[in-house]
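Participant: Position 316, counted from 1, in the sequence shown is what the UniProt record's numbering calls 316; the numbers after and before it change by one each time, with no gaps.
Below are the structure tokens for one structure; questions will follow.
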Amino acid sequence: MGDFNAVLTQNKRGGEPFSSASRNAFGDELEFCNLIDLGFTGNSFTWTDKMPGDPINKLHRLLKILKGELRSRNKKTFGWCHDQIVIEAVTHFFSSGHIPPAINHTYINLIPKSPRAHTVDQFRPISLCNTTYKVISKILANKLKPLLHKIISPFQIAFVPGRNINENSIISQEIMHYLHNKKGKKGYMAIKIDISKAYDRVEWLFLLKLLEGVGLCETFVNWISQCVSSASFSILVNGASFNFFRPTRGIRQENPLSPYLFIIYAEFLSRLLLREEILGNLKGIEVCRIAPAISHLFYADNLIIFCRAEVQDAQLIRNCLSKFEEWSSQVINSQKSLVHFSRNVQNTKKEAILDILQMPECNHRAKHLGLPFCKPATRKRAFSELLEKMTNKLSLWKAKNLSRAGKLVLIKNVAQSIPVYHKSTFLIPKSIESIVGLERCSKMRKINQLGACYLASMCAATNIWDDPWIPSIPSFKPPRPPDLNPDWPSLVRDLIYQNSLE
1 MGDFNAVLTQ NKRGGEPFSS ASRNAFGDEL EFCNLIDLGF TGNSFTWTDK
51 MPGDPINKLH RLLKILKGEL RSRNKKTFGW CHDQIVIEAV THFFSSGHIP
101 PAINHTYINL IPKSPRAHTV DQFRPISLCN TTYKVISKIL ANKLKPLLHK
151 IISPFQIAFV PGRNINENSI ISQEIMHYLH NKKGKKGYMA IKIDISKAYD
201 RVEWLFLLKL LEGVGLCETF VNWISQCVSS ASFSILVNGA SFNFFRPTRG
251 IRQENPLSPY LFIIYAEFLS RLLLREEILG NLKGIEVCRI APAISHLFYA
301 DNLIIFCRAE VQDAQLIRNC LSKFEEWSSQ VINSQKSLVH FSRNVQNTKK
351 EAILDILQMP ECNHRAKHLG LPFCKPATRK RAFSELLEKM TNKLSLWKAK
401 NLSRAGKLVL IKNVAQSIPV YHKSTFLIPK SIESIVGLER CSKMRKINQL
451 GACYLASMCA ATNIWDDPWI PSIPSFKPPR PPDLNPDWPS LVRDLIYQNS
501 LE
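This is the structure we're talking about:
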């Protein structure tokens, strides 16, 4: 809230006259900064009004009057006005195809990736977008989401409705298990590729060409172009903004539209690999005779390529990656990328392939989607990070003034949920389970395999013959009589007296 030494209308009295050009320029500046005229008029809201006294006291008087005026108005009216402003801004964007610069201005908050971060690459930029812009991008994202399953190949799992991250991790672990036990003459390899600053290196022109190539209409592509290319940034340092600048490429994290745009961007590499596979130059891995061949698995910027451990295949992969880097401006981080070979590949062939790909061989500490990439040396060491996370949580909770009941709630709802993702793919060693308190979950696994019965109540719609509800029967279901009368009760609650528990 503030007062400017300028006017928007000709109703001003006293002082120096203002020209129409200055009024128009002031109005354009207010629209650019996304400011709103509150409409207060009169001597009570004048800054000095030629009154003697201290300027601080005059400011205090003005703010006090404004506070009383705002309280006197209906709060619902102000909420309605705010909603109307957002609706009008969103409607104006979709009708004109132009977004005001102030709406697309973004503050960047740098989050350190490590405790002792001191260089730019050790910070993660988080974009704090405008609310109106988020509404616009969310509408575009919701329009694009139902079309993704037609655009994105089934080898990409991320952000596509109906696909889950567990599918990627389970399939990759099955293939890695196959490589570990592979015998015979034919050898295979898995290449884990790391992309450096993937979101920040997205070229706008190439992205728009991809959107047109997948069949999106020109109007929709122009809307996305406005949302992406009209952005401006200010970096937050200790809560204050510095260094206003405009980017020339890249998409923002924490933007509802960015994940969908990036998987379309990564689809270019997927199509390159599929093209070589169709031509017969590249062959994926089949874990069994009836299983389909899988040549690659993508989850956002986490990429894995499966192929034969041959020099020709390695050169083909290198050519595809080079073409992807040249066209999309992405950079493959060769130091963080890894190659894992099956156990029947000779060392001389390994060295030749690694020399072509310019990547190191996989070690037992490599991770993919937070899980071990290849078979670890010891399972206990592979899941030791669960103990570290649990220890860090407990050390933070000890410093809080919580009761024993409060700490118990945190342990049940937060601490025990940490290993859920790992348990969806791996069997955690019993030594780790005993430490993090998961013995009860392991015991319940056997009960779930046998089955569980419902708890009958007056509110439950438990069927007498179809649902399991009697613990004393092995199958928990009573046998259905051959001469079942349709008039007999079909729900368990019909057998319970309403005025008693019999």
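Virtual Cβ for every residue (Gly too), placed ideally from N, Cα, C.
None of the values given here were measured: they were computed from a predicted structure.
(1) For the structure I just gave you, are there three or more beta carbon pairs, one from the stretch 301-308 and one from the stretch 186-200, closer than 8 Å?
(2) Evaluate the contact criterion for the stretch 311-322 versus the stretch 196-212: three or more CB pairs, one atom per stretch, below 8 Å.
(3) Below 6 Å CB to CB, which residues in the same chain sit around residue 88 once its five sequence neighbours on both sides are set aside?
(4) Give the C-beta separation of residue 318 and residue 294 to the nearest angstrom, bearing in mind that I take them to be a contact with Cβ-Cβ under 8 Å.
(5) Between 418, 98, 486, which has its C-alpha nearest residue 392's C-alpha?
(6) If you draw a straight line from the alpha carbon of residue 183 to that of residue 343, how long is it in whole angstroms?
(7) Throw me the rounded Cβ distance for the residue 231 and residue 104 pair, which I believe falls under 8 Å.
(8) Using a Cβ-Cβ cutoff of less than 7 Å, which residues in the same chain neighbour residue 179 once the five nearest sequence positions on both sides are dropped?
(9) Compute the Euclidean distance between the alpha carbons of residue 267 and residue 243, then round it to the nearest angstrom.
(10) Is DSSP giving residue 385 helix, strand or coil here?
(11) Let me know the secondary structure DSSP gives residue 296 once reduced to three states.
(12) Assess contact between the stretch 122-140 and the stretch 152-171, defined as three or more Cβ pairs (one per stretch) separated by less than 8 Å. Is contact present?
(13) Could you please give the first and the last residue of the uninterrupted alpha helix (DSSP H) stretch that includes residue 265?
(14) Output needed for residue 181: all residues of its chain with C-beta closer than 8 Å, excluding positions within five of it in sequence on either side, in chain order.
(15) Sorted by chain position, which residues of the same chain lie with C-beta nearer than 7 Å to residue 153's C-beta, five sequence neighbours on each side aside?
(16) Rounded to whole angstroms, what's the CA-CA distance from residue 427 to residue 421? Just pull it up for me.
(17) Taking the beta strand (DSSP E) that residue 172 belongs to, which residues open and close that run?
(18) In angstroms with no decimal places, state the Cα-to-Cα distance between residue 241 and residue 126.
(19) From 245, 148, 354, 202, pick the residue whose C-alpha is nearest to that of residue 215; which is it?
(20) Using the C-alpha atoms, what's the distance from residue 463 back to residue 478?
(21) How would you call residue 309, buried or exposed, if buried means at least 16 neighbouring beta carbons within 10 angstroms?
(22) So, for residue 323: in the same chain, excluding its five sequence neighbours on each side, which residues have a beta-carbon less than 7 Å away from its beta-carbon?
(23) Return helix, strand or coil for residue 192, following the three-state DSSP convention.
(24) Does DSSP put residue 463 in a helix, in a strand, or in coil?
(25) Three-state secondary structure (DSSP) at residue 203?
(26) Would you be able to state if there are at least three C-beta pairs under 8 Å between the stretch 200-211 and the stretch 220-236?
(27) Can you give me the start and stop residues for the beta strand (DSSP E) that residue 303 sits inside?
(28) What are the boundary residues of the alpha helix (DSSP H) that includes residue 420?
(29) In this structure, what does DSSP give as the bridge partners for residue 109?
(30) Could you give the DSSP three-state label for residue 373: helix, strand or coil?
(31) Could you check the C-alpha separation between residue 217 and residue 175 for me, to the nearest Å?
(32) Could you pull out every residue in the same chain whose Cβ sits closer than 6 Å to the Cβ of residue 389, ignoring the five residues on either side in sequence?
(33) Output the distance between the C-alpha atoms of residue 239 and residue 143, rounded to the nearest integer angstrom.
(34) Grouping DSSP H, G and I as helix and E and B as strand, with all else coil, what is residue 339?
(35) Identify which residue in 279, 306, 278 has its Cα closest to the Cα of residue 287.
Facilitator: This is what the structure holds:
(1) yes
(2) no
(3) none
(4) Contact flag wrong, Cβ pair sits at about 20 Å.
(5) 418
(6) In this structure, the CA atom of residue 183 is about 7 Å from the CA atom of residue 343.
(7) 5 Å
(8) 188, 190, 340, 342
(9) 34 Å
(10) helix
(11) strand
(12) Touching, no.
(13) It spans 258-278 - the alpha helix (DSSP H) in which residue 265 sits, taken as one unbroken run.
(14) Answer for residue 181: 343, listed in chain order.
(15) 267, 270, 274
(16) 11 Å
(17) Where residue 172 is concerned, there is no enclosing beta strand (DSSP E), although the alpha helix (DSSP H) it sits in stretches over 165-180.
(18) Straight-line spacing of the CA atoms in residue 241 and residue 126 works out to 14 Å.
(19) Nearest option by C-alpha distance: 148.
(20) 11 Å
(21) buried
(22) 272
(23) strand
(24) strand
(25) coil
(26) yes
(27) 302-308
(28) 420-423
(29) 126, 236
(30) coil
(31) When the Cα atoms are used, residue 217 and residue 175 turn out to be separated by approximately 39 Å.
(32) 418
(33) If you take the alpha carbons of residue 239 and residue 143, they lie about 35 Å apart.
(34) Correct three-state label for residue 339: strand.
(35) 306
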